[in-house]
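Trainee: Position 91 of the sequence shown, counted from 1, bears residue number 686 in the numbering used here, the numbering being contiguous throughout.
Every residue gets a Cβ at the ideal spot worked out from N, C-alpha and C, and that includes glycine.
No experiment lies behind these values; they were computed from the predicted model shown.
I am attaching a structure below and will ask some questions about it afterwards.
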Amino acid sequence: MANPERGEVDLEVGGTRYRLALGMGGLRAIQRAVSTPGQRITMAQVVEGAAAGDIEYLCVLVWGALQRHHPELTQTDVDQLLDDLGGLLALPVVLGKITEMMTATTPDVRDQGVQKKTDPATSPPPPMISTIGTRSTSRRVKSA
């Protein structure tokens, strides 16, 4: 069973369950697959392209997401899986799974404003800025 806390989602194709999860290895594999020596493609470009309907980016994104749990699958294997799922007609389902996977580990905006309260009695004091050994920049003025 997929663990959404780890950004995992399941995709069932022809009675077989595949687990999607984007780890650093998958992210790097995606970037290597779409970049050329003269042009580096970022993950943001891949995700935006996939969301806009770029088939190449969507397929390579699915392939990269399968690498953690199914490293034996090639890009050609993933093309066949997507065809078995319904080809172009299945793309909204696949894009939904990719979106679910990517948002599973995104912090909830309601949690972003919550800060951990600390007990002043047990918290270390804030760092002190030392002025020992620094030179003064003021000048002496003679009095009349």
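According to DSSP, simplified to helix, strand and coil, what is residue 600?
Mentor: Sequence index remark: in the sequence shown, residue 600 carries index 5 (1-based). Here residue 600 sits in helix by DSSP.
Trainee: For residue 639, does the count of other Cβ atoms within 10 angstroms reach 16, so buried, or fall short, so exposed?
Mentor: On the sequence shown, residue 639 is found 44 positions in, with the first residue counted as 1. It counts as exposed.
Trainee: Under 8 Å by Cβ, that's how I've got residue 620 and residue 663 pegged, so tell me the actual separation to the nearest angstrom.
Mentor: For the purposes of this step, residue 620 is taken as the residue at position 25 of the sequence shown. For the purposes of this step, residue 663 is taken as the residue at position 68 of the sequence shown. Correct: roughly 7 Å between the Cβ atoms.
Trainee: Pull up the distance between the alpha-carbon of residue 634 and that of residue 675, whole angstroms please.
Mentor: As a first step, residue 634 must be located in the sequence shown, where it is residue number 39. As a first step, residue 675 must be located in the sequence shown, where it is residue number 80. C-alpha separation (whole angstroms): 28 Å.
Trainee: Within its chain, find whatever has a CB closer than 8 Å to the CB of residue 607; leave out the 5 residues flanking it on each side and keep chain order.
Mentor: Along the sequence shown, one-based indexing puts residue 607 at 12. Correct list, in chain order: 613.
Trainee: What's the C-alpha gap between residue 603 and residue 615?
Mentor: The count along the sequence shown starts at 1 and reaches residue 603 at position 8. The count along the sequence shown starts at 1 and reaches residue 615 at position 20. Their backbone Cα atoms lie some 6 Å apart in a straight line.
Trainee: For the segment 609–688, list the alpha helix (DSSP H) runs that are entirely contained and at least 4 residues long, ordered along the chain.
Mentor: 619–629, 638–646, 650–661, 670–680
Trainee: Within its chain, find whatever has a CB closer than 6 Å to the CB of residue 628; leave out the 5 residues flanking it on each side and keep chain order.
Mentor: Mapped onto the sequence shown, residue 628 falls at position 33. Only 655 meet the Cβ criterion.
Trainee: Does the beta-carbon of residue 660 have 16 or more other beta-carbons within 10 angstroms, so that it is buried, or is it exposed?
Mentor: Walking along the sequence shown from the start, residue 660 turns up at place 65. Classification of residue 660: buried, given that the 10 Å Cβ count is 16 or more.
Trainee: Closest to residue 695 by C-alpha separation, out of 657, 610, 623, would be which residue?
Mentor: Counted from its first residue, the sequence shown places residue 695 at position 100. Out of 657, 610, 623, 657 has the C-alpha closest to the C-alpha of residue 695.
Trainee: Whose C-alpha, out of 678, 598, 623, is nearest the C-alpha of residue 650?
Mentor: The sequence position of residue 650 within the sequence shown is 55, counting from 1. Checked all of 678, 598, 623; the closest Cα to residue 650 is 678.
Trainee: Who are the near neighbours of residue 685 in its chain, counting only those whose CB is closer than 8 Å to its CB and skipping five residues on each side?
Mentor: Locating residue 685 in the sequence shown gives position 90, where the first residue counts as 1. Answer for residue 685: 677, listed in chain order.
Trainee: Using the rule of at least 16 other Cβ atoms within 10 Å of the residue's Cβ for burial, across every protein chain shown, is residue 683 buried or exposed?
Mentor: Taking the sequence shown and counting its residues from 1, one reaches residue 683 at position 88. Flag for residue 683 reads exposed.
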